[in-house]
Amino acid sequence: MASNDSVMNGPGLELLASLEQQFVESKTLHLKGKARVRLSQLSFPNPIRPIDPKLVKVLKRTFKGEGCLQQDSAFSLPAIIDDSSLTLALQELGVSADHFKADSILSPANFELPHNIQLACLHGQHRVAAAKEVLGSGNKWWLPYAGLDDKARQLLREGRTYSTNYTDGEIFCQIILCRFQNKREEAARWRARITANKEGDLGRLLKRWTIINALESIIQFRGYWNAFHLGSLDILLSIKCDEEIACYIKQIRDTISHIIGDNSLIHGVDRASVERIQLRAPAISKMDSQYIEAEMLSDRLFPAIKDPAARSGILQRLLGTEQPILSIYTLFKDLRYLDPAARAMRALLPKRSKESLRVGFFSLFRPDGNREPLDIQDSETSYTTVSGDHNYLFGLAYRELFLAAIRYFTNPSTVSSKKDMNPIEQNVDGTKRYLGFRLLEFGQRIGFSIQTDQDALIDPSERLLADMLRSLPREIFYVNEPIPEALSALFKGYLSNSTLAASAVSRPSLTTLKIGEPLSHRCGRHCGGSLDDEDRLHLFIRKMHAPLSRFPRGGHDISSFYVKRCRYQAFFGAASIREILNPVVPGGTGEGISETSIPSAADDTAMTDGRIFTNLWPQGETQSREVNTDFTSQPEPTGFTHGNTHGEIPKSSGLNVEFVSHSGLVYATSIFIRSGVETRAKTYAKAGLSLMDERGRHWLWNECFDALVETETRRIVVIGKVPDSSRENREKGRRAIVRNKAELDEQEGGDTHLRHKNLPSVEESTEVEL
399 MASNDSVMNG PGLELLASLE QQFVESKTLH LKGKARVRLS QLSFPNPIRP IDPKLVKVLK
459 RTFKGEGCLQ QDSAFSLPAI IDDSSLTLAL QELGVSADHF KADSILSPAN FELPHNIQLA
519 CLHGQHRVAA AKEVLGSGNK WWLPYAGLDD KARQLLREGR TYSTNYTDGE IFCQIILCRF
579 QNKREEAARW RARITANKEG DLGRLLKRWT IINALESIIQ FRGYWNAFHL GSLDILLSIK
639 CDEEIACYIK QIRDTISHII GDNSLIHGVD RASVERIQLR APAISKMDSQ YIEAEMLSDR
699 LFPAIKDPAA RSGILQRLLG TEQPILSIYT LFKDLRYLDP AARAMRALLP KRSKESLRVG
759 FFSLFRPDGN REPLDIQDSE TSYTTVSGDH NYLFGLAYRE LFLAAIRYFT NPSTVSSKKD
819 MNPIEQNVDG TKRYLGFRLL EFGQRIGFSI QTDQDALIDP SERLLADMLR SLPREIFYVN
879 EPIPEALSAL FKGYLSNSTL AASAVSRPSL TTLKIGEPLS HRCGRHCGGS LDDEDRLHLF
939 IRKMHAPLSR FPRGGHDISS FYVKRCRYQA FFGAASIREI LNPVVPGGTG EGISETSIPS
999 AADDTAMTDG RIFTNLWPQG ETQSREVNTD FTSQPEPTGF THGNTHGEIP KSSGLNVEFV
1059 SHSGLVYATS IFIRSGVETR AKTYAKAGLS LMDERGRHWL WNECFDALVE TETRRIVVIG
1119 KVPDSSRENR EKGRRAIVRN KAELDEQEGG DTHLRHKNLP SVEESTEVEL
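For the numbering used here, count along the sequence shown from 1 and bump the result up by 398.
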């Protein structure tokens, strides 16, 4: 790799160098001349920076002490004069255009423009404002120079004067440009303008070639760099996500390049326009679309671009932009959001690793060359698998491990100071330590050879329970160690049954009928409340990469889930997750898994009270092996009885439903939604089994959900052939089976109102032996 002082190459730098050269040539070619002009004749339409009263006050004090120096041509103001005004001025001055240009440059004070001519200045508003208050009534004049084409005008509007300091972004761009042009001495002079602390961070950044190359690619877009602060480089350097940062910057470049559409128009990407369009998603949010259209038609967006056809094309491409438009400002904000998850990931790497996270985890992924399918986590309680080559599987594994860290550690209410961010080794927050070891277990499960100094044999749930008990005041409670096995088993079973999980085929909306995410919530950290918690149930890799066409759009403004999905994709890019088969062995004996392992959809296991139960599928029935990745097949809204008609789950209800045998053996579990319960119940009904609640009342398969709501229980008893049951119970079971069969037959015949049909009597039904 070349040294830091070597010449760097990149299309952004080449384009910027070309623009600088064009500016010099344009200034020389289009310059009309210099002349005295009254301050009242100067105006500042569409200024890049608003008037800063503090800066005006400083300039007034300087002018009073040193004078305004308005006669010094070095402090001339760039201005625009139209052809008719120039012709009028030359007539009154009695000179030709060539004579005026040559002589006025040497002696500009000898020429004074007529008082009825107005000039639009490109910068210098602070000097003029201060001069108006300091200079006497007969001395209020300045020396502007007129001319320049559109490109040079915009470069000057973005330029610097002695009345405003150079921004960090301007200094950084000039340093990079000087290095590209191999102007070491000039680069050193630019670096001398910053403080020692900033210079140290800048030196570290210049060694991170992945980030530097990405930043070079957007250096020509001057409107972005006001948000680049050398004093904020700590987050850019410490997070160790160089490849993710480069991916984010690539999206910045690709988006603005697509919007502008032509390199010849990049001079029009000004700071105010960048601030107006950033974080807007016009193709998804109707409110953003209306805002963008109004701003564009009023010329507040990209005012330097005048061509109507070019502006029309820019507007259409803006309105077609789906993801929130990113910028350097949003990059630094989003890095703060990603930082807790990145710290948790870094805790899994060897302590002295100086590599980026992606490089560090790549060396840990399947070092033995294992070619087995990769587990894809579809929810906290379910997995599918996918096959591919090593690099493909690593890309997916790294993404889903990072997603787990995002779910566990980016909740603003649980983000602590830097002191205790290592979830594995810190000993203050037991909950964070539990989630850290859960992340560790998941990483090991999907193929990362992660080693820690902690005893890996200790179950994470046992650690959590021990941390909770140890936190009790010792002067009040006496806690025996080790923890009793019975208490540990109950606690682990409770954690297992309390795990929330959204269906793998459910699909959160991209938009909302309510007020959507405000711009302040579309980047950085913020407390999202219940919506934030609900979104976390869907932050899994398949939903992060599913096509947008498979998600509903039920409103006019952008949803919080869509913001999180876009933020993730900005850092991790697009990925194709192949359609896969989900192997299930019906009624098979599952692998021996620890009581705190996350259950896998591959064997559909459920864990309760320290026991492992394998999902029992009825004889002759097999579970569908094709994973449903079509998010358009949304189940119908849940309907509740007893006054609940809004399809909402009662707050007091548990979220897991158990299908058990008459003796209490758990056959299967289902999430507590109508579609999940009825799908599972229907399977048993098709196999000729009857279903009843814990009170002994038999139910049709499509009544089981309502039965659970009515009884406020979460258990359905699956009844097969029970020889020792009473005649009455056998008769009830037989009738239930007959009714279930009739329901299924009528449904297959196309009747969609099964519950309101008269079912055949027992005498008319076919006899079924139990």
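Virtual Cβ for every residue (Gly too), placed ideally from N, Cα, C.
Predicted model only: the values in this text are computed from it and were never measured.
| message | Going by DSSP, what residue range makes up the beta strand (DSSP E) through residue 780? | response | 780-784
| field | Spatial distance of residue 493 from residue 517 (CA atoms) | value | 20 Å
| query | Taking DSSP as the reference, what is the three-state secondary structure of residue 1003? | reply | A caution first: residue 1003 carries a pLDDT of 31, below 50, which makes its placement in the model unreliable, though a value can still be read off. Strand, per DSSP.
| field | Paired residues, beta bridge with residue 775 - DSSP | value | 781
| Rounded to a whole number of angstroms, what is the C-alpha to C-alpha distance between residue 432 and residue 660? | 33 Å
| Are residue 573 and residue 658 closer than 8 Å when you measure CB to CB? | no
| request: Could you tell me the distance, in whole angstroms, from the CA atom of residue 641 to the CA atom of residue 696? | output: 39 Å
| task | Evaluate contact between the region 882-891 and the region 915-923, counting only Cβ atoms and requiring at least three cross-stretch pairs below 8 Å. | result | no
| message | Taking only three categories from DSSP, how would you classify residue 1109? | response | helix
| message | Applying the 10 Å Cβ sphere with the 16-neighbour rule, what's the burial state of residue 580? | response | exposed
| Just curious, the beta strand (DSSP E) that residue 1064 is in, first and last residue? | 1064-1069
| field | Same chain only: Cβ atoms within 8 Å of residue 512, ignoring 5 sequence neighbours per side | value | 486, 487 and 490
| request: Would you give the residue range spanned by the alpha helix (DSSP H) that residue 650 belongs to? | output: 640-658
| request: Could you tell me which uninterrupted alpha helix (DSSP H) segments, each at least 4 residues in length, are contained entirely in the region 889-967, listed from first to last along the chain? | output: 927-934 and 939-943
| query | Does DSSP classify residue 488 as helix, strand or coil? | reply | helix
| message | Measuring alpha carbon to alpha carbon, tell me which residue in 602, 1115 and 808 is nearest residue 735. | response | 808
| Under the DSSP definition of a beta bridge, which residues are partnered with residue 519? | 477
| said: Check whether the region 896-911 and the region 951-966 touch, using three or more Cβ-Cβ pairs below 8 Å as the test. | reply: yes
| Residues in its own chain within less than 8 Å of residue 526 by CB, not counting five upstream and five downstream? | 437, 440, 442, 475, 519 and 540
| message | Strictly by DSSP, which residues pair up with residue 1096? | response | 1090
| query | How many Å lie between residue 1095 and residue 833 at the Cα? | reply | 42 Å
| field | Local conformation of residue 843 per DSSP, three classes | value | helix
| With residue 765 and residue 785 assumed to form a contact (beta carbons below 8 Å), what rounded beta-carbon distance in angstroms separates them? | With a Cβ gap of about 19 Å, residue 765 and residue 785 do not count as contacting.
| query | Hey, how far is the Cα of residue 846 from the Cα of residue 645? | reply | 23 Å
| said: For residue 730 and residue 630, which I take to be in contact (beta-carbon distance under 8 Å), what is that distance rounded to the nearest angstrom? | reply: 6 Å
| Boundaries of the alpha helix (DSSP H) in which residue 595 is found, first to last residue | 594-603
| task | In the DSSP assignment, find the beta strand (DSSP E) that holds residue 1058 and state where it starts and stops. | result | 1054-1058
| task | With distances taken Cα to Cα, identify the nearest neighbour of residue 653 among 757, 1080, 707 and 720. | result | 720
| field | Own chain, CB closer than 6 Å to residue 612, minus 5 neighbours either side, in chain order | value | 644 and 647
| residue 1169 and residue 705 look like a contact to me (Cβ under 8 Å); what is the Cβ gap, rounded to whole Å? | The requested residue 1169 does not occur in the structure, where the chain is confined to residues 399 to 1168.
| query | How about residue 698 and residue 678: do their beta carbons lie closer than 8 Å? | reply | no
| message | For the pair the region 745-761 and the region 861-877, tell me if three or more CB-CB distances fall below 8 Å. | response | no
| said: Bridge partners for residue 763 per DSSP, in chain order? | reply: 846
| query | Which of helix, strand or coil does DSSP assign to residue 436? | reply | strand
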